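Here the structure is laid out as structure tokens; the discussion comes afterwards.
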Amino acid sequence: MNHNTGNIPFFANSQGSMNPSCGIVGMQILPDVAIKYPQLKDRIQRMNTYEQTHGPFWDGGILSNLTLIDAMPNKVVWEFRIEKRHCNHMGKMHGGCMVTVLDIASSFALLTYTGRSHWKSLGVSTDINANYMRGMNAGQTARFECRVQRCGKNMANLYTEVLDEGGRVCYAGSHTKFSTDPKL
1 MNHNTGNIPF FANSQGSMNP SCGIVGMQIL PDVAIKYPQL KDRIQRMNTY
51 EQTHGPFWDG GILSNLTLID AMPNKVVWEF RIEKRHCNHM GKMHGGCMVT
101 VLDIASSFAL LTYTGRSHWK SLGVSTDINA NYMRGMNAGQ TARFECRVQR
151 CGKNMANLYT EVLDEGGRVC YAGSHTKFST DPKL
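Quick note: the sequence shown uses the UniProt record's numbering, first residue 1, plus one each step.
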């Protein structure tokens with residue numbers, strides 16, 4: 001499933017420019033996605049900078065394996081490289097790891113929303129529901145396809161399917177967010 005489109009993943013550094021991924025820890029975004037949706041690049045840059053400046057945080061071991069490979073109205077698509085450290089004792093991606101990636105990845109879909117309500121922040125989670133249908137192993141790349149189902153002034157509903165390299169749905173989840181944007 002590797003995106004292998006000729007695009008080299010880039011990291012947004014703390015100065016706001018794009019640098020090729022060469023040992024920097026953090027989420028990645030493909031250049032064409034960064035150009036099409038600069039708000040996604042900016043949010044990734046802010047999260048990477050915060051992790052590097054104030055971290056490490058618990059999810060730091062996940063962020064460096066996430067690459068935003070596509071975005072369109074109301075939808076983002078991420079790839080997540082599963083490593084052994086992301087797996088349980090049976091060699092499958094740990095359920096807690098999957099939900100953490102789902103939380104982070106699906107939240108970014110809000111920045112592509114085309115309806116009336118436009119959030120400036122990613123809000124906070126009020127509910128996450130996960131369905132585990134088929135495990136994935138270390139060495140595989142999971143594709144997180146995240147959609148906005150509904151977004152209002154205060155609440156948003158997101159839905160994510162996680163596919164393996166063969167396009168089979170392995171996990172799915174719904175995610176409810178509450179806006180933390182100022183109400184002024």
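In this text, a Cβ means the ideal position worked out from N, Cα and C, and glycines have one as well. Here the structure is a predicted model, which is why all the values come from computation and not from measurement.
Just measuring C-alpha positions, the residue of Cys170, Pro182, Val169, Ser64 sitting nearest Arg85 is Ser64. By the neighbour-count definition (other C-beta atoms within 10 Å, threshold 16), Glu145 is a buried residue. In the DSSP annotation of this structure, Met155 is not part of any alpha helix (DSSP H); the continuous beta strand (DSSP E) holding it starts and ends at 155-163. Taking a cut-off of 8 angstroms on C-beta distances, the stretch 59-77 does not touch the stretch 152-161, as fewer than three cross pairs fall below it. The C-beta distance from Gly95 to Ala130 rounds to 7 angstroms, short enough to fall under 8 angstroms. The stretch 88-161 contains, as complete alpha helix (DSSP H) runs of 4+ residues, the segments 95-107 (chain order). For Gly26, the closest alpha carbon among the candidates Ser125, Val33, Lys41, Ser117 is that of Lys41.
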